[in-house]
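*Asks:* For the sequence shown, UniProt numbering begins at 1 and goes up steadily by one.
Quick one: the structure is below, and I'll ask about it shortly.
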Amino acid sequence: MDKSEWEGPSGNSWAAEWRRTDRSFAVLTERLLSRLRGQRFTQAIDIGCGAGELSLAIARGRPDARVVGVDVSPALVNAARGRASNLPNVAFDLADAAAWQPPAGIAPQMLVSRHGVMFFADPTAAFRHLADIADSGAQLLFSCFRDPLDNPFFTEVGRLLPQVPPPPPADAPGPFGFARRERIAQILEGAGWEAVAIDAFDFPMVAGAGDDAVDEAMAYFTSIGPAARVAKELEADARDPFFERLRRLCEDNLRDGVVSLAAAAWIVSARKAG
Ligand SMILES: C[S@@+](CC[C@H](N)C(=O)[O-])C[C@H]1O[C@@H](n2cnc3c(N)ncnc32)[C@H](O)[C@@H]1O
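Dropping the structure here:
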């Protein structure tokens, strides 16, 4: 899965579903924001910003900072712009972050991303470019998924499909492209970043909440969740039993009005090499 899918169908469905996406990542978002507290910066970029949740949260909390979200999906950039109307210190650019250029005279001091950095065809070149445009001593902070086997949110749903999908190819662009910590360190250190720190972070990924949490979770899993694309293509005789199994999984994971499954991320930080 590379940027071309995000420019089209995946970006479109995420743009239609950004509220559910933001809810699913809420605990992770808080963690990223907590890691930014106390950090000094006035220029930040959000790589693969999607519908802009992280950019918007940083801009709200740091009125002194200027935040630019960069994404390749026209639908997601539109969604992000639509959410930013009252915030003067955030902007969204439709661009490939691997080639994005800041306005003249501006150099980002903080580069952040919530799960937006695993899709580069050539990640070393992309991170080298990001180091080149960053200010000296700039900081990098991003999250990405760990191994699929540590992510029941993906594997448990995939297992319910009539044909269990093969594991994603290791190290290829896609949601699990940065699953191996050795690979992350190698890419960043080969691209002009130092002091690389990679911390495991487990969090509940929320699929549904509220009065109809199970229905909400069903809607999530069949529109943007890990099995959504395959589910949409199933014939009725395969789809209906899949939906039944999925509903049971959602009911089994309903606690206190919330349907969530475990997810496992890396939180990665680094500094532009001096
Ligand atoms: C898993 S989504 C995460 C979106 C957002 N950060 C969030 O947390 O909701 C990955 C995002 O990366 C974007 N993306 C993929 N390749 C990109 C690239 N080369 N440059 C900029 N954005 C990219 C996609 O369009 C998508 O919005």
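No residue lacks a Cβ here, since even glycine has one placed at the ideal position from N, Cα and C.
1) Cα separation between ARG114 and ALA104?
2) Report the CB separation of ILE198 from ALA185 in whole angstroms; it is logged as a contact under 8 Å.
3) Would you say ALA84 reaches chain D, if we count a Cβ-Cβ gap shorter than 8 Å as a contact?
4) Check for me: the beta strand (DSSP E) holding ASP93 runs from which residue to which?
5) How many Å lie between GLY225 and ALA231 at the Cα?
6) In three-state terms, what does DSSP make of PRO241?
7) Look up residue 275 in the DSSP assignment and give the residues it is bridged to.
8) Is ARG20 near ligand 1 - that is, is its Cβ less than 7 Å away from at least one heavy atom of it?
9) Would you say ARG128 touches ligand 1, meaning its beta carbon is less than 7 Å from a heavy atom?
10) Would you say the beta carbon of ALA97 is closer than 7 Å to some non-hydrogen atom of ligand 1?
11) For GLY208, list the residues DSSP reports as bridge partners.
12) Would you kindly work out how many angstroms separate the C-alpha atoms of LEU141 and GLY61, rounded to a whole number?
13) What is the DSSP secondary structure of TRP18, counted as helix, strand or coil?
14) Report the residue from LEU36, PRO88, GLU5, SER73 whose alpha carbon sits nearest the alpha carbon of ALA270.
15) Under the criterion of a Cβ to heavy atom distance below 7 Å, does ILE47 qualify as lining ligand 1?
16) On the DSSP letters alone, give me the boundaries of the alpha helix (DSSP H) that MET110 sits inside.
17) So who's on the other strand from ALA270, going by DSSP bridges?
18) Between which two residues does the beta strand (DSSP E) holding ARG40 run?
19) Take PRO63 as the anchor and find which of LEU87, THR155, PHE201, ARG229 has the nearest alpha-carbon.
20) Expressed to the nearest angstrom, what Euclidean distance is found between the alpha-carbon atoms of ALA219 and LEU161?
*Replies:* With the structure as the only source:
1) Straight-line measurement puts the Cα of ALA104 at about 26 Å from the Cα of ARG114.
2) Sure, about 7 Å apart at Cβ, within 8 Å.
3) In summary, chain D is missing from the structure at hand, where a single protein chain is found.
4) 90-94 is the extent of the beta strand (DSSP E) around ASP93.
5) Straight through space, the alpha carbons of ALA231 and GLY225 are spaced by roughly 10 Å.
6) Assigned with DSSP and collapsed to three states, PRO241 falls in helix.
7) No information on residue 275 is available, as it lies outside the stretch 1 to 274 that the chain covers here.
8) Not so, every heavy atom of ligand 1 lies at least 7 Å from the Cβ.
9) Checking the Cβ of ARG128 against ligand 1 gives no.
10) At least one heavy atom of ligand 1 is nearer than 7 Å to the Cβ of ALA97, so yes.
11) In DSSP, GLY208 forms a bridge with VAL259.
12) Taking the straight line joining both Cα atoms gives about 17 Å.
13) Residue state, collapsed to three classes: helix.
14) The option with the nearest alpha carbon to ALA270 is LEU36.
15) The nearest non-hydrogen atom of ligand 1 is less than 7 Å from the C-beta of ILE47.
16) It is not in any alpha helix (DSSP H) - MET110 instead sits in the beta strand (DSSP E) that spans 110-114.
17) BP columns for ALA270 point to LEU140.
18) For ARG40, there is no enclosing beta strand (DSSP E), as DSSP gives it neither H nor E.
19) Residue LEU87 is the option with its Cα nearest to PRO63.
20) In this structure, the straight-line span from the alpha carbon of ALA219 to that of LEU161 is close to 16 Å.
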